[in-house]
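Structure first, then comments.
In my numbering, the protein residues as written are 94 to 493.
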């Protein structure tokens, strides 16, 4: 029971449009004391999450989010493991008095988003896990942070990525880390071979805008203790095989004839600012001298805090019409396969990476900056680095 109106968005689910939870588009906001009943269906196996779609900066920090783990239809969908663990990654912005205040009539921290200074796993700091030597764990990762992109490292374990938002990869792959933007999900299997205590880390390349320096930074999200007693051998032996699921390939093969089709629509990502205080305008001139592809940290927290939604509007601009945000209107038919090109303009007032989410549909990231993606997976959210251009192939399967 909260004072603000709210809705629930079922992130990544291809469900009936009227239950998508977008205020003013698919439903009216649900006021205090009111009731709205959602009917949710789960057409795709994997990890999904739900969250408010009104003042997410406040309501998600109140803990109004959660995961939905959709089991596959039969055995053998994933490889064998000893156990599964669901990890929800988040952060909170605190001082000695508690939560840093939020804007009443508009969000604060709108230049970069509300980066927290306390890292959370499953709603709490200092995650702990105990496993046996040789144990294989399947981790379902979700990033629910307001702005932070994590780079997750499983110290002491060998890791392979097997799935992302809406499907498995066409080929499993060994990885040293898992970059995960807000709202993205990944399924990662890890084998822990040696006894000891190891860190679950967020290992990033931070930036100091005033010094013009990039430097490594590591946050410890939790600890994994590996006991010196053996786990049953079956999953450990199977772990060494990188699988290429035939049903995933067959699904992708139906879309390969569309890979080289012309681009249907182009979106440019940018920002519009007005009435910012002069000190912020001057500081931003310095800030934009050093633009990383991904902003892993908030390098200018005071300047970011002073910027609100009254002064800052982030933009999706249709390159063909010049229309922006909710004025962009495209019509498709169910079953259309649409190629979208998304360009993250590096010449805006504050260039920043952007996670792009398409409600109710699934898409493939065909290429980034003209380089074809050689290991495809169905997504609903993808990060577009500063200055990059992504080609997305969208399966318009869900009317609404």
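For glycine and all other residues, C-beta sits at the position ideal for the given N, C-alpha and C.
Closest residue to residue i among the options (Cα-Cα distance)
i	options	result
residue 203	475, 482 and 407	407
residue 217	201, 155 and 193	155
residue 359	327, 468 and 432	432
residue 113	131, 96 and 126	131
residue 487	354, 277 and 297	354
residue 518	473, 461, 448 and 482	Since the displayed the chain opens at 94 and closes at 493, residue 518 lies outside it and no answer follows.
residue 283	229, 208 and 221	229
residue 40	147, 115, 227 and 181	With the chain covering only 94 through 493, there is no way to say anything about residue 40.
residue 247	347, 319 and 136	319
residue 153	144, 161 and 160	144
residue 136	364, 470 and 163	163
residue 196	148, 489 and 455	148
residue 450	397, 278, 442 and 314	278
residue 476	210, 272 and 253	272
residue 400	364, 390, 430 and 429	364
residue 409	352, 110, 134 and 435	435
residue 295	301, 385 and 214	214
residue 347	430, 166 and 211	430
residue 467	126, 443 and 352	352
Nearest-angstrom beta carbon gap, residue j and residue i [assumed within contact, 8 Å]
i	j	result
residue 249	residue 287	7 Å
residue 340	residue 472	The Cβ separation is near 18 Å, so there is no contact.
residue 316	residue 176	Actually they do not touch by this definition, with Cβ atoms about 17 Å apart.
residue 104	residue 276	6 Å
residue 190	residue 170	No, residue 190 and residue 170 are not in contact; Cβ-Cβ is about 48 Å, not under 8 Å.
residue 437	residue 479	6 Å
residue 182	residue 236	5 Å
residue 260	residue 470	6 Å
residue 159	residue 184	In fact, because the Cβ distance is near 17 Å, the residues do not count as touching under 8 Å.
residue 493	residue 110	2 Å
Status (buried if at least 16 other CB within 10 Å, exposed otherwise) for residue i
i	result
residue 243	buried
residue 285	buried
residue 423	exposed
residue 192	exposed
residue 223	exposed
residue 107	buried
residue 457	buried
residue 187	exposed
residue 201	buried
residue 425	exposed
residue 371	exposed
residue 241	buried
residue 308	exposed
residue 128	exposed
residue 95	exposed
residue 231	buried
residue 134	exposed
residue 342	exposed
residue 253	buried
residue 521	Nothing can be reported for residue 521, as the shown portion of the chain is limited to 94 through 493.
residue 118	exposed
residue 238	buried
residue 194	exposed
Contact with chain B by residue i, beta-carbon distance below 7 Å
i	result
residue 291	In the structure shown, chain B cannot be found, because there is only a single protein chain.
query = How about the region 261-276 and the region 319-332: do they share at least three Cβ pairs that are nearer than 8 Å?
reply = Judged by Cβ distances under 8 Å, the region 261-276 makes no contact with the region 319-332, as fewer than three pairs qualify.
ask   = Counting pairs of Cβ atoms below 8 Å between the region 115-133 and the region 95-106, do you hit three or more?
value = Using a C-beta cut-off of 8 Å, the region 115-133 makes contact with the region 95-106, since at least three inter-stretch Cβ pairs fall below that distance.
request  = Could you tell me which uninterrupted alpha helix (DSSP H) segments, each at least 4 residues in length, are contained entirely in the region 105-191, listed from first to last along the chain?
outcome  = Taking only runs of at least 4 residues, the alpha helix (DSSP H) segments lying wholly in the region 105-191 are 149-152.
key: 4-residue-minimum alpha helix (DSSP H) runs that sit fully inside the region 279-330, ordered along the chain   = Complete alpha helix (DSSP H) runs here, min 4: none at all.
message = Would the region 455-472 count as touching the region 405-421 if we require 3 or more Cβ pairs under 8 Å?
response = Judged by Cβ distances under 8 Å, the region 455-472 makes no contact with the region 405-421, as fewer than three pairs qualify.
ask   = What are the start and end residues of each continuous alpha helix (DSSP H) run of 4 or more residues lying completely inside the region 336-368, in chain order?
value = When DSSP assignments are scanned along the region 336-368, the uninterrupted stretches of alpha helix (DSSP H) that are 4 or more residues long and fall wholly within it turn out to be 339-346.
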